[in-house]
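Here's the structure, in structure tokens; my notes come after.
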Amino acid sequence: MKNALQELKEKVSHFTQNTPLSEEEWHEFSSNTVVALMAGGVGSRFREVPNSKDSHKGAHTLPNGDTMIEMAIRMYKDAGITNFVALVFHKAESIEEKLGDGSQLGVNIKYSYDPEQPVGKGGAILNALQNGSIPRDKTVIVHNPDDVIVDFEGSFPKHIATGHIRGVEAGSLASVVVVDATPYAFSGMKVVDNKVSQIEMYPMIPLPTHIGVTIFDPKSYPLFEENFDLEHKSDFEKVLFPILAEKDQLTAVSIPNDNWIAVNNLKAYNQLVDRLG
6 MKNALQELKE
16 KVSHFTQNTP
26 LSEEEWHEFS
36 SNTVVALMAG
46 GVGSRFREVP
56 NSKDSHKGAH
66 TLPNGDTMIE
76 MAIRMYKDAG
86 ITNFVALVFH
96 KAESIEEKLG
106 DGSQLGVNIK
116 YSYDPEQPVG
126 KGGAILNALQ
136 NGSIPRDKTV
146 IVHNPDDVIV
156 DFEGSFPKHI
166 ATGHIRGVEA
176 GSLASVVVVD
186 ATPYAFSGMK
196 VVDNKVSQIE
206 MYPMIPLPTH
216 IGVTIFDPKS
226 YPLFEENFDL
236 EHKSDFEKVL
246 FPILAEKDQL
256 TAVSIPNDNW
266 IAVNNLKAYN
276 QLVDRLG
């Protein structure tokens, strides 16, 4: 089974080392980038977490007193990115009460409220472009705060910026951050003539998987006008990624699987709490 999975990996993914950014390149990028924090979803599976129903999951207080949305903000701030917009809808007041204008974190935070109904991630970005909270001349990093980055060696923001900038130089309009393999949630089996010949618990499936962090170059913004509206709920992963991939305009930036926790249920929440000590 492992040999078959290795063969699959060789067929579906190949990453090359990017040339590191110069200090000048990083300064230009960080000065002209806004981080959009996706904080509008209901997060129904997260309701399994005790005492989580009174706030948005991004603003839920962890046992150490921190929140996932503040962790994400500090990660980018520590690298030198200080402009943020929170894209909010469900329990928006809990996000705004927690973050305010960002001054206590040393950053600037604006808010973009979804219209009367949730519009999905594609609509949320379109709305923020239209109301000016994402300037049309700035790069935007879209980060779901519950996609938590932990124990990353070096600077996660600089790492993904490097891949994105090199991708833009090669003609891309956007970059997806991925892990190159994810664990299968069940028992994996090899079956020959109806007989199970091998069993492996939670095997790593070597398919690059989007982790909820995406970078969009300003040249991609017309695609939001063309493909989304504020009357329907639609996500950019489902709509824009295939369009960009078909045109060879979508770059992938890889990080190790162990540095990512998708905190969307009680099991993942407990995993995060354990990692944070």
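To convert, take the position in the sequence shown, counting from 1, and add 5; that gives the working numbering. Virtual Cβ for every residue (Gly too), placed ideally from N, Cα, C.
**Message:** The alpha helix (DSSP H) that contains N275, what's its start and end?
**Reply:** L271 to L281
**Message:** Rounded to whole angstroms, what is the Cα-Cα separation between L92 and Q135?
**Reply:** 13 Å
**Asked** Does DSSP put N88 in a helix, a strand or coil?
**Response** strand
**Request:** Quick one: measure Cβ to Cβ for G125 and I114, integer angstroms, because I've assumed they're closer than 8 Å.
**Result:** Not really, about 22 Å apart at Cβ, beyond 8 Å.
**Asked** Helix, strand or coil for P188 per DSSP?
**Response** strand
**Item:** Given 8 Å, three or more beta-carbon pairs between the region 171-190 and the region 54-67
**Value:** no
**Message:** Between F233, G128, P162 and V268, which has its C-alpha nearest H32's C-alpha?
**Reply:** Ranking the options by Cα distance to H32, first place goes to P162.
**Message:** By alpha-carbon positions, which one of K82, N199, Q203 and A257 ends up nearest to S192?
**Reply:** Q203
**Asked** Around the Cβ of M194, are there at least 16 other Cβ atoms within 10 angstroms (buried) or fewer (exposed)?
**Response** exposed
**Message:** Tell me which residues share the same chain as V183 and place their Cβ nearer than 8 Å to its Cβ, disregarding the 5 neighbours each side in the sequence.
**Reply:** P213, T214, H215, I216, A257, V258, S259 and I260
**Request:** Please say whether I266 and A152 have beta carbons closer to each other than 9 Å?
**Result:** The sequence shown places Asp at residue 152, rather than the Ala named in the question. For D152 and I266, yes; Cβs fall inside 9 Å.
**Neighbour-count burial assignment, V17, 16 or more Cβ in a 10 Å radius** = Counting the other CB atoms within 10 Å of its CB gives V17 a total below 16, which places it among the exposed residues.
**Prompt:** So what does K195 bridge to, in DSSP terms?
**Reply:** Q203
**Message:** Tell me the DSSP secondary structure of G217 in three-state form.
**Reply:** Looking at G217 - three-state DSSP - the assignment turns out to be strand.
**Message:** Less than 7 Å between C-beta atoms, sequence neighbours within five positions excluded: which residues of the same chain meet that for Y226?
**Reply:** Cβ within range, chain order: L134 and R141.
**Beta-ladder partner(s) of S259, from DSSP** = V183
**Message:** Could you tell me which whole alpha helix (DSSP H) segments of length 4 or greater appear in the region 24-112?
**Reply:** If we require 4 residues or more, the alpha helix (DSSP H) runs fully inside the region 24-112 come out as 28-36, 73-84 and 97-104.
**Asked** In this structure, does DSSP put S225 in helix, strand or coil?
**Response** helix
**Item:** Assigned exposure category for D198 - 16 Cβ within 10 Å defines buried
**Value:** exposed
**Prompt:** Taking the C-alpha atoms as reference points, what is the distance between Y207 and A9?
**Reply:** If I take the Cα positions, the gap works out to 15 Å.
**Asked** What's the gap between the Cα of R52 and the Cα of V147?
**Response** Going from the Cα of R52 to the Cα of V147 covers about 24 Å.
**Prompt:** Does the beta carbon of L281 sit closer than 9 Å to a beta carbon anywhere in chain B?
**Reply:** Judged by its chain identifiers, the structure shown contains no chain B, having just a single protein chain.
**Prompt:** When DSSP labels each residue in this structure, what does H148 get in the three-state scheme?
**Reply:** The answer is strand: DSSP assigns H148 an E or B state.
**Nearest residue (CA-CA) to S27, options P211, A77 and H164** = H164
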